[in-house]
Each structure stands twice: as structure tokens, then as C-alpha cells.
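First comes the structure, then the notes that go with it.
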Amino acid sequence: MVLDRRKLYAAWEYTQLAQLLKHFEVDCVFDVGANVGQYAEMLRRKAGYKGLIISFEPIPEAAAELRRKAEADPKWVVIEGALGEADGQQVFNIMAASQFSSLSAPKHDEAAQFQDLNKVSRQVPVKIETLQTALRRLQAEHQFKRPFLKLDTQGFDVRIVQAGAPVVKEFIGLQSEMAVAKLYADSVDFRDALRVYEQAGFVLSAFVPNNAGHFPRLIETDCIMVRADLV
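Residue numbers (my numbering): 49 to 279.
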């Protein structure tokens, strides 16, 4: 019997999140790097999460699709923009395959199989907020108290957390995509990323491999972490 790893990894992710979000009474999820809403839909359909979701997506077409999907969900807010290291505007790289799009430039020496997908097709200016700015603004508007931070920003997760140091511990936990093979010029190695998150006050709850189609190589893995003072 051959197991479909994609289904196995997905089931591990949503069962872990279902337990974590319920146990820690999370009332808001920051879905940063939402693409077309895959993560938000997983939270609703698989993890049983019924609280507020705030999706951040800088690609105009993807943000439009998000808004369409969120129309029937009053607890799903869509923001066309990105989180970064400073408030302002920045050039965003839209790749040939939209899920690879990033503020960072692509590199191919460690994962050549993605070079046709992970290449810049066009660039757009995007509004950037720091984690601190976004949290303060949205908390005032929506009155949530126990947020969870999901990051999938293609090489930029660590920099968002570092820039958000004044407020990151206000999140119950975080989920971040970490590079085993670096797909971007300024990617942070997964060991260094994990160290940054631990130093920010979080402990590991789970690893979720997310590239089941590239056996035997592990390209990236998500980490799910919770605040150390809560466990």
C-alpha cells in the first residue's frame, strides 16, 4: 500500500491546527501570504475554526479572488497588501507560478527544478505594513485578543517576525514556512529561522513537510509554534 503523502501531510497539519486553535482559544488568525485562500479554506473546512481570519495578499488578481471567496463569510477579512520590515511601499515580484511570488528575488542553485516556475514575470508596487502597525490597526477595528500568526511569504517570514519584535509575543502562536533548500536570494536556513522564533519566545509544536511531490528531497517545511509561557 502506497500512501499519498500530500493527503497525509495535509491531515497532519489541519488536525494539529484544529487542536491548537481550540485549546488556546484563538479568536483571530493572521493569514499572511494568503494567495487565493487555500489556508483559510482549510481552517474552515478541515480544522473547524470559526473565528476571525484576516488574509493579507499583495497580488491584485489573487486578492480579488480572495474577496470573492470571502463575500459569504462575515468573519473573513481580506487586505490587499503585504507585511514587511517597514511601513511604506515596495516592489513585489510576481512569479510565473503565483504561489512563488515574493518581496525577495528568486535563486535556483539549490532547487533547479523550480526555475521555470520561480522566475519573475512582472513586478507591482504594494503597500507594506509592519506586523506591529497591522496588529494595532486591526486589533482596534476587530477587538480580538488571542491572535495566531500564519506566515507564507516566500523567503520573508523571519524578517517580518524580527521587524515585529515589539508585538510578536502578543500572538498565541505562529506557523512559518522554513527553507531547507533556499529558493530566494535572502532566504534564511530553517535552523536559523527556528532559532529566531525560539529567541522570540516560541516553542515547537509540530513540523509539517509541505512538498510531498518532490521525494526524496525535502525542500521546505512548516513549523507550528506556541508561546513558551503558555506551555
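C-beta atoms are modelled at their ideal positions from N, C-alpha and C, and glycine is treated no differently. All values reported here derive from a predicted model rather than from experimental measurement.
Less than 8 Å separates the beta-carbon of Ile-272 from that of Ala-254.
Rounded to the nearest angstrom, the gap between the Cα atoms of Arg-92 and Gln-187 is 21 Å.
Annotation: the segment 57-92 contains the following complete segments of the beta strand (DSSP E) (minimum length 3 residues), in chain order: 76-80. As DSSP reads the structure, Ile-101 sits in a beta bridge with Val-77, Trp-124.
In the three-state DSSP reduction, Gln-191 falls in the coil class, being neither helix nor strand. The beta carbons of Val-74 and Ser-103 sit no closer together than 8 Å. Between Pro-106 and Ala-130 the beta-carbon gap is near 4 Å, inside 8 Å, which marks them as a contact. Here Ala-227 carries a strand assignment [DSSP, helix/strand/coil].
The segment 128-171 contains no complete alpha helix (DSSP H) run of 4 or more residues. By the Cβ-count criterion, Pro-122 is exposed, with fewer than 16 other Cβ atoms from all chains shown falling within 10 Å of its own Cβ. Rounded to whole angstroms, the gap between the alpha carbons of Arg-184 and Asp-135 is 13 Å. Between Glu-133 and Arg-207 a beta carbon distance of about 5 Å is seen, short of the 8 Å cut, so the two are scored as contacting. A Cβ-Cβ separation of about 16 Å leaves Lys-217 out of contact with Ala-182 under the 8 Å criterion. The residue among Leu-252, His-71, Gln-161 with its C-alpha nearest the C-alpha of Arg-265 is Gln-161. The residues Tyr-87, Ala-88, Ile-101, Ser-103, Lys-198, in chain order, have a CB closer than 6 Å to that of Asp-79 in the same chain once the five nearest residues on each side in sequence are set aside. In this structure, Ala-229 is the residue among Gly-212, Gly-99, Ala-229, Pro-195 with its C-alpha nearest to the C-alpha of Gln-202. Going by C-alpha positions, Arg-115 is about 14 Å away from Gly-81. The Cβ atoms of Val-256 and Glu-113 do not sit closer than 8 Å to each other.
Beta-carbon to beta-carbon, Phe-140 and Val-174 are separated by about 4 Å, close enough to satisfy the 8 Å threshold.
DSSP places Phe-219 outside both helix and strand once states are collapsed to three, so it counts as coil. Non-local beta-carbon contacts of Gln-171 in its own chain, meaning distances under 8 Å to residues more than five positions away in sequence, involve Val-139, Phe-140, Asn-141, Ile-142 in chain order.
Here Glu-177 has Gly-129, Leu-131, Asp-135 as same chain residues with Cβ atoms under 7 Å from its own Cβ, once five neighbours each way along the sequence are excluded.
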